[in-house]
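Number of protein chains: 6
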Amino acid sequence: MNKMKDEVFFGEGMARVKKEYPELYNAIVGLNEAVYAGKVIDYKTQKLIALGINASASDDRATRKQMVSAMKEFKITKDEIVDVLRVVLLTSGMPPFTKAMKILYELME
Amino acid sequence: MNKMKDEVFFGEGMARVKKEYPELYNAIVGLNEAVYAGKVIDYKTQKLIALGINASASDDRATRKQMVSAMKEFKITKDEIVDVLRVVLLTSGMPPFTKAMKILYELME
Amino acid sequence: MNKMKDEVFFGEGMARVKKEYPELYNAIVGLNEAVYAGKVIDYKTQKLIALGINASASDDRATRKQMVSAMKEFKITKDEIVDVLRVVLLTSGMPPFTKAMKILYELME
Amino acid sequence: MNKMKDEVFFGEGMARVKKEYPELYNAIVGLNEAVYAGKVIDYKTQKLIALGINASASDDRATRKQMVSAMKEFKITKDEIVDVLRVVLLTSGMPPFTKAMKILYELME
Amino acid sequence: MNKMKDEVFFGEGMARVKKEYPELYNAIVGLNEAVYAGKVIDYKTQKLIALGINASASDDRATRKQMVSAMKEFKITKDEIVDVLRVVLLTSGMPPFTKAMKILYELME
Amino acid sequence: MNKMKDEVFFGEGMARVKKEYPELYNAIVGLNEAVYAGKVIDYKTQKLIALGINASASDDRATRKQMVSAMKEFKITKDEIVDVLRVVLLTSGMPPFTKAMKILYELME
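Protein chains in written order, with numbering that gives the first Met the number 0: chain A, 0 to 108; chain B, 0 to 108; chain C, 0 to 108; chain D, 0 to 108; chain E, 0 to 108; chain F, 0 to 108.
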């Protein structure tokens with residue numbers, strides 16, 4: 000995993016894991032690398048998929064982190080995120096959709 | 000929604016809903032159209048996101064349907080699906096990943 | 000809990016639990032009684048809520064059992080079950096809705 | 000959908016969706032209308048089912064919104080909500096039950 | 000259930016349930032007793048299993064309560080909790096793992 | 000990861016992943032090793048936690064695999080599994096409990 004992805008992907012909590020549980024940290028880094036070394040689908044699309052999954056799970060924290068990360072790394076736009084959340088609405092219903100829209104609007108301010 | 004998407008997306012069950020609950024059917028068609036009329040992200044990418052969400056939810060039936068549909072509509076390859084499932088592994092763990100890989104291998108035979 | 004509810008609610012598996020783990024069985028019966036002894040909402044409405052929850056969780060087995068049980072106990076109709084599943088569609092998305100509709104149509108045949 | 004339901008159901012976030020993504024908003028309104036136009040089960044019962052589903056999914060935000068909405072629209076009482084949450088306890092366990100009870104007690108103060 | 004377990008397990012919310020819905024409270028106490036009266040696995044291991052389940056469900060509140068309770072009752076250490084969360088990572092993915100690690104680090108401060 | 004754990008843990012599907020996506024396979028093996036190299040909690044307890052998590056998620060396939068694996072590796076008894084499932088009942092409700100009990104009884108025959 001290159002440095003940039005590393006910094007963007009892992010939050011502060013992971014810095015402590017790296018220090019205190021290095022073998023676990025290394026396994027996570029290895030997994031992350033293998034996951035985002037997709038053969039055909041590009042990294043950005045994979046991150047959009049991750050955003051859709053996190054939003055569908057109604058996970059505020061992970062949804063916010065994925066949005067922030069995608070904005071930083073790809074200059075992803077509001078309309079792109081809404082296109083992901085449209086799929087969340089169809090597959091997972093109104094509550095995760097409105098929750099994620101709220102997070103998006105907060106980040107936009 | 001154009002005909003092709005309609006036939007691929009909706010299974011036989013929806014044919015009965017159309018006949019018996021037409022107002023509900025129409026609302027679903029309207030939702031489906033609005034969801035897949037994304038402004039920026041193309042339809043294929045949105046379907047990959049839907050696949051990721053269904054697989055993460057460990058939903059056999061919806062996962063299989065999304066895979067079959069994506070193979071028919073986009074000639075999506077095994078490697079592309081595996082790239083989606085890599086993200087499922089990272090965000091949702093081993094059980095939904097191995098379940099979806101099993102479905103993929105069955106479809107490949 | 001009166002006998003009829005008991006027989007309808009608990010499947011064959013619970014008969015073995017009763018014999019082999021009586022203290023656990025008694026706790027479950029006690030919980031079941033306290034749950035369905037609602038003060039205001041009647042038993043039938045509570046069972047419809049349980050059906051909605053089970054269908055939203057995409058749990059085939061529990062969804063089928065709740066439908067069968069509601070048909071036996073209350074002569075619940077197809078339209079009533081569809082009214083429950085409409086709510087499942089809005090709150091939980093297409094996959095659990097279509098799965099539950101499929102179960103309903105199978106039971107109707 | 001009549002005006003009252005509209006105001007109660009959709010939060011502030013949806014006002015922006017209406018303006019910025021009108022075709023998506025219209026599809027959601029259409030879905031909402033088709034869902035709550037149940038043939039047999041009345042609107043209040045459908046909202047109680049929605050509350051049960053949201054609480055079972057441990058979704059604080061949606062649970063609170065459903066409770067507030069049901070109190071405003073139907074003058075629903077604490078005992079009625081507890082009767083819904085009893086079903087949540089049986090079908091989904093202690094954590095979603097205690098979380099929803101906490102929300103209820105906060106709203107009661 | 001002995002007093003100590005009772006106080007640790009049930010939060011303030013349950014005190015009101017005890018007073019206002021005593022029959023429901025008694026059923027919950029009965030269930031709790033039957034659950035933790037395991038025949039073979041000791042109480043501490045059962046609580047670790049409960050922690051793993053709550054963390055996998057990404058339930059902040061229940062995860063925090065289980066950690067606090069396990070620290071009070073068993074003087075459970077950080078390393079023991081991390082060993083539970085390792086399993087959460089493998090079975091349920093990065094988002095619930097990082098969320099639970101964050102809660103753990105906050106409790107440690 | 001020693002050979003025995005490897006064979007027990009990974010099903011046939013993983014054999015193909017090993018051949019076709021070796022870098023992904025290696026990352027999974029690395030993760031699995033880091034997870035089950037707990038510092039304090041023994042491997043058997045970690046597997047019981049995994050069983051509890053899989054059963055709580057109502058995942059038939061993963062639940063069955065964990066039970067079979069625990070029976071082979073640790074000669075785990077029915078009563079031990081029931082002690083895990085008691086916790087599933089309390090934290091996740093009746094449907095995942097009865098589903099897992101059914102799987103257990105089938106495996107016992």
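All residues carry an ideal CB built from backbone N, CA and C; glycine is no exception.
If I follow the unbroken alpha helix (DSSP H) through residue i, where does it start and stop?
i: Glu108 of chain A; result: Premise fails: Glu108 of chain A is in no alpha helix (DSSP H) and is neither H nor E.
i: Lys17 of chain A; result: Glu11 to Glu19
i: Ala49 of chain D; result: Tyr42 to Ser55
i: Lys64 of chain C; result: Asp59 to Phe73
i: Thr112 of chain A; result: In the structure displayed, chain A extends from 0 to 108; residue 112 of chain A sits before or after that span and is not available.
Please tell me whether residue i and residue j are closer than 9 Å, where the distance is taken between their beta carbons.
i: Ile27 of chain D; j: Ala33 of chain B; result: yes
i: Lys43 of chain F; j: Ala61 of chain F; result: no
i: Leu88 of chain A; j: Ile48 of chain B; result: no
i: Gly51 of chain D; j: Ile75 of chain C; result: no
i: Val39 of chain C; j: Glu79 of chain D; result: yes
i: Met107 of chain F; j: Lys64 of chain F; result: no
i: Ala36 of chain C; j: Glu19 of chain E; result: no
i: Asp58 of chain C; j: Pro95 of chain F; result: yes
i: Leu103 of chain B; j: Val86 of chain B; result: no
i: Met66 of chain D; j: Gly12 of chain E; result: no
i: Thr97 of chain D; j: Gly92 of chain F; result: no
i: Asn25 of chain D; j: Gly29 of chain B; result: yes
Name the chain A residues whose beta carbon is nearer than 7 Å to that of residue i?
i: Asn53 of chain D; result: Pro94
i: Thr97 of chain B; result: Residues of chain A passing the Cβ test: none, with the nearest at roughly 15 Å.
Less than 9 Å between CB atoms is the rule here; does residue i satisfy it with respect to chain H?
i: Arg15 of chain A; result: Reference to chain H is not applicable here, since the protein chains of this structure are A, B, C, D, E and F.
Just the chain E side, please: which residues come within less than 8 Å of residue i by C-beta, in chain order?
i: Gly29 of chain C; result: Asn25, Ala26, Gly29 and Leu30
Taking residue i as the query, report the chain C residues whose CB atoms sit under 7 Å from its CB, ordered along the chain.
i: Glu22 of chain E; result: Ala33 and Ala36
i: Val81 of chain F; result: Tyr20
i: Leu89 of chain A; result: Gly92 and Met93
Applying a beta-carbon distance threshold of less than 9 Å, which residues of chain B neighbour residue i?
i: Arg63 of chain F; result: By Cβ distance, chain B contributes nothing, its closest Cβ being about 11 Å from Arg63 of chain F, past 9 Å.
i: Met70 of chain C; result: Within 9 Å Cβ-Cβ: nothing; Met70 of chain C doesn't reach chain B, min ~18 Å.
Which residues in chain A have a C-beta closer than 8 Å to the C-beta of residue i? List them in chain order.
i: Ile40 of chain B; result: Leu47, Glu79, Asp82 and Val83
Whose Cβ in chain C lies nearer than 9 Å to the Cβ of residue i?
i: Met66 of chain F; result: Here the premise fails: no neighbours, minimum Cβ distance about 15 Å.
Give me the chain D residues within the contact set of residue i, using Cβ-Cβ distance strictly less than 8 Å, ordered along the chain.
i: Thr76 of chain C; result: Val39
Closer than 8 Å by beta-carbon distance: list the chain C residues that pair up with residue i, in chain order.
i: Ala56 of chain B; result: Ser57 and Pro94
Under 7 Å between beta-carbons, which chain B residues line up against residue i? List them in chain order, please.
i: Lys101 of chain C; result: Gly12
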